[in-house]
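Participant:
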Amino acid sequence: MRTAKEPGYVNEESQPAPGEVLAAKLDLSSLIGRWKNTNTATRGISHIVISEDGKNLRVQTFGACASNPRDWGDAFATTYAYSVAGDIIAGFELTYDFGAQETLVTAIHNRGVLVIHAYHRFKDGSGRSNFISKEFFHQ
Amino acid sequence: MTSASSTNAIKRDDTPSGDESRETGPATGVDLTHLLGTWVNTYRESSSLCRFTLAQSASGYSIETVAATESGAQTLGQTEVRPFAPNVSSRKADGFTARYDFEFLEMSLAAYCAKGLIVVSQYTRFKDGSGRPDYFNREFFFKEES
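Line order of the protein sequences matches chains A and B.
For the first sequence, this note's numbering assigns the number 1 to the initial residue and increments by one for each residue that follows.
For the second sequence, this note's numbering assigns the number 1001 to the initial residue and increments by one for each residue that follows.
In structure tokens, the structure reads:
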């Protein structure tokens, strides 16, 4: 049995299939643009704006607030394909650090819906439970 | 074991529980008015349903569906919609069903709401002896802004 400590052998799907050619570049185009929350009454993320910056994906997230959406700022996201040889973006993740609170945003694209999970972790000793929210976005 | 016939229910969900506050409303019918309007497929390259419109009709509610065809988007016409609440104590629709019968093909739609989306499961059954397998698919629709 192989162990995960052996370099490159976490599981089979982390290896390219025999003869499979690795992609030179990930096609980010399917995610570029403005994504609106399908739930107009959301208390989580109201919308996000995604752009391409060279080979990188730049993500700007807006939190739902009573007055106006709060701009969380833009940052580069780590991008993911559907497989190790994939050349189309499947999703991304990035982490925002607000000091008292840290939020990991993960996204996966499925037939025109961007499914975003936000993992909120509190670092301020307020006693608030860390929590996860799941929301859907469309263009 | 209690027989289904003696309670007019086949499972616990079929009767209101004590802690569920019953919503007021007409004695019959589930309200779909909050879902009326046009809903657009999130997947623009869909080869199935592009959009649908829910409207009120003389008998209750109707759906008009537009499908992707070889010659572009075409309406499949209107058919009756049957709304469903999330439980027996609610009158507010959380989903619906509809059925189209084109004689050679029958298409049943079963839809539910999920955080502002309507998720439509589509069951297509062929009746023309063509040998094509009946098939299922599922697509997501967002509300078109009016």
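Built from N, CA and C at the ideal position, the CB exists for glycine as well.
Keep in mind the model is a prediction, meaning the values are calculated, not measured.
Per DSSP, which residues does V59(A) bridge with? Please list them.
Facilitator: Translated into positions along the first sequence, residue 59(A) becomes position 59. Beta-bridge pairing links V59(A) to I50(A) and A75(A).
Participant: Could you compute how far the alpha carbon of C1050(B) sits from the alpha carbon of P69(A)?
Facilitator: In the second sequence, counting from the first residue as 1, residue 1050(B) sits at position 50. In the first sequence, counting from the first residue as 1, residue 69(A) sits at position 69. Straight-line Cα distance between these residues: approximately 31 Å.
Participant: Excluding the 5 residues flanking V1066(B) on each side, which residues of the same chain have their C-beta closer than 6 Å to its C-beta?
Facilitator: Here residue 1066(B) is taken as the residue at index 66 of the second sequence, counted from 1. Only C1050, R1051, A1073 and T1075 meet the Cβ criterion.
Participant: Confirm, please, whether the CB-CB distance from Q1122(B) to L1105(B) is below 8 Å.
Facilitator: By 1-based counting over the second sequence, the position of residue 1105(B) is 105. By 1-based counting over the second sequence, the position of residue 1122(B) is 122. Against a cut-off of 8 Å, the Cβ pair of Q1122(B) and L1105(B) comes out as no contact.
Participant: Does the separation of the CB atoms of S30(A) and I108(A) fall below 8 Å?
Facilitator: Locating residue 30(A) in the first sequence gives position 30, counting from the first residue. Locating residue 108(A) in the first sequence gives position 108, counting from the first residue. Not in contact: S30(A) and I108(A) (Cβ atoms no closer than 8 Å).
Participant: Measuring alpha carbon to alpha carbon, tell me which residue in S126(A), T78(A), G127(A) and I116(A) is nearest N37(A).
Facilitator: By one-based count along the first sequence, residue 37(A) stands at place 37. Out of S126(A), T78(A), G127(A) and I116(A), I116(A) has the C-alpha closest to the C-alpha of N37(A).
Participant: Under a Cβ-count criterion, where at least 16 other Cβ atoms within 10 Å of its own Cβ denotes burial, should G112(A) be classed as buried or exposed?
Facilitator: Start at 1 with the first residue of the first sequence, and residue 112(A) comes out as number 112. Buried, by the Cβ-count rule.
Participant: Do you know whose CA, among A118(A), L114(A) and Y119(A), lies nearest L1117(B)'s CA?
Facilitator: Within the second sequence, numbered from 1, the residue matching residue 1117(B) stands at position 117. Comparing Cα positions, the closest option is L114(A).
Participant: For the beta strand (DSSP E) containing T1124(B), list its first residue and its last residue.
Facilitator: Translated into the one-based positions of the second sequence, residue 1124(B) becomes position 124. Segment L1117 to F1126, the beta strand (DSSP E) holding T1124(B).
Participant: Quick one: which residues of the region 103–120 of chain A get their C-beta closer than 7 Å to a C-beta of chain B? List them in chain order.
Facilitator: The residues in question are R111, G112 and V113.
Participant: If we count Cβ pairs, one from each stretch, closer than 8 Å, do we get three or more for the region 11–29 of chain A versus the region 76–90 of chain A?
Facilitator: Taking 8 Å as the limit for Cβ pairs, the verdict is that the region 76–90 of chain A does touch the region 11–29 of chain A.
Participant: Beta-carbon of R1051(B) versus every beta-carbon of chain A: anything under 8 Å?
Facilitator: For the purposes of this step, residue 1051(B) is taken as residue 51 along the second sequence, with counting starting at 1. No, because no Cβ of chain A sits closer than 8 Å to the Cβ of R1051(B).
Participant: Comparing the CB of Y1043(B) with every heavy atom of the ligand FAD, is any distance shorter than 7 Å?
Facilitator: The ligand FAD is not part of this structure, which contains no ligands at all.
Participant: Does the region 73–81 of chain A touch the region 45–58 of chain A, meaning 3 or more C-beta pairs lie closer than 8 Å?
Facilitator: Yes, the region 45–58 of chain A touches the region 73–81 of chain A.
Participant: Of all the residues that make up the region 36–50 of chain A, which are near chain B by a beta-carbon distance shorter than 9 Å?
Facilitator: Going along the region 36–50 of chain A in chain order, one finds K36, N37, T38, N39, T40, A41 and T42 with a Cβ nearer than 9 Å to chain B.
Participant: Output, in sequence order along the chain, the residues in the region 123–139 of chain A whose CB is closer than 7 Å to any CB in chain B.
Facilitator: Against chain B - using a Cβ distance shorter than 7 Å - the residues of the region 123–139 of chain A are E135, F136 and H138.
Participant: Label F1140(B) either buried or exposed according to how many other C-beta atoms from any shown protein chain fall within 10 Å of its C-beta, with 16 as the threshold for buried.
Facilitator: Locating residue 1140(B) in the second sequence gives position 140, where the first residue counts as 1. Counting Cβ neighbours within 10 Å, F1140(B) comes out buried, since at least 16 surround it.
Participant: Just how far apart, CA to CA, sit P1026(B) and S1090(B)?
Facilitator: In the second sequence, residue 1026(B) corresponds to position 26, counting from 1. In the second sequence, residue 1090(B) corresponds to position 90, counting from 1. Since pLDDT at P1026(B) reaches only 46, below the 50 mark, its modelled position is unreliable, and the value read off the structure follows with that caveat. Using only the alpha carbons, I get a separation of about 11 Å.
Participant: Taking CB distances under 8 Å as the criterion, tell me whether L1032(B) reaches chain A.
Facilitator: As a working note, residue 1032(B) is residue 32 in the second sequence. Not one chain A Cβ lies under 8 Å of L1032(B).
Participant: Which value, in whole angstroms, describes the spacing of the CA atoms of T1002(B) and D97(A)?
Facilitator: Within the second sequence, residue 1002(B) is the residue found at index 2, counting from 1. Within the first sequence, residue 97(A) is the residue found at index 97, counting from 1. Low confidence applies here, because T1002(B) scores a pLDDT of 44, under 50, leaving its location unreliable and the question unanswered by this model.
Participant: Can you tell me whether L22(A) is buried or exposed? The criterion is at least 16 other CB atoms within 10 Å of its CB, across all chains shown.
Facilitator: In the first sequence, counting from the first residue as 1, residue 22(A) sits at position 22. Label assigned to L22(A): exposed.
Participant: Using a Cβ-Cβ cut-off of 8 Å (strictly less than) and excluding sequence neighbours within five positions of H138(A), which residues of its own chain qualify?
Facilitator: Taking the first sequence and counting its residues from 1, one reaches residue 138(A) at position 138. W35, K36, T38, G112, V113 and L114, listed in sequence order.
Participant: Looking only at C-alpha atoms, which of T1124(B), A1114(B), D1134(B) and A1085(B) sits nearest to P1016(B)?
Facilitator: Sequence index remark: in the second sequence, residue 1016(B) carries index 16 (1-based). Ranking T1124(B), A1114(B), D1134(B) and A1085(B) by Cα distance to P1016(B) puts A1085(B) first.
Participant: Can you list, in chain order, the residues of its chain with a C-beta nearer than 8 Å to that of E1144(B)? Leave out the 5 residues immediately preceding and following it.
Facilitator: Position 144 of the second sequence, counted from the first residue, corresponds to residue 1144(B). These residues qualify, in order along the chain: G1037, T1038, W1039, V1040 and R1051.
Participant: Specify the secondary structure class of D140(A) as computed by DSSP and reduced to three states.
Facilitator: Any property of residue 140(A) remains undetermined from this structure, which presents chain A solely from 1 to 139.
Participant: Quick check on DSSP: helix, strand or coil for D27(A)?
Facilitator: The residue you call residue 27(A) lines up with position 27 of the first sequence. In this structure, D27(A) counts as strand in the three-state DSSP scheme.
Participant: Taking the beta carbon of T1069(B) as the centre, do at least 16 other beta carbons fall within 10 Å, making it buried, or is it exposed?
Facilitator: Counting from 1 along the second sequence, the entry for residue 1069(B) is found at position 69. It counts as exposed.
Participant: Let me check one thing: in DSSP terms, what residues is K1092(B) bridge-paired to?
Facilitator: The residue you call residue 1092(B) lines up with position 92 of the second sequence. DSSP, once it has assigned bridges, lists D1031(B) as partnering K1092(B).
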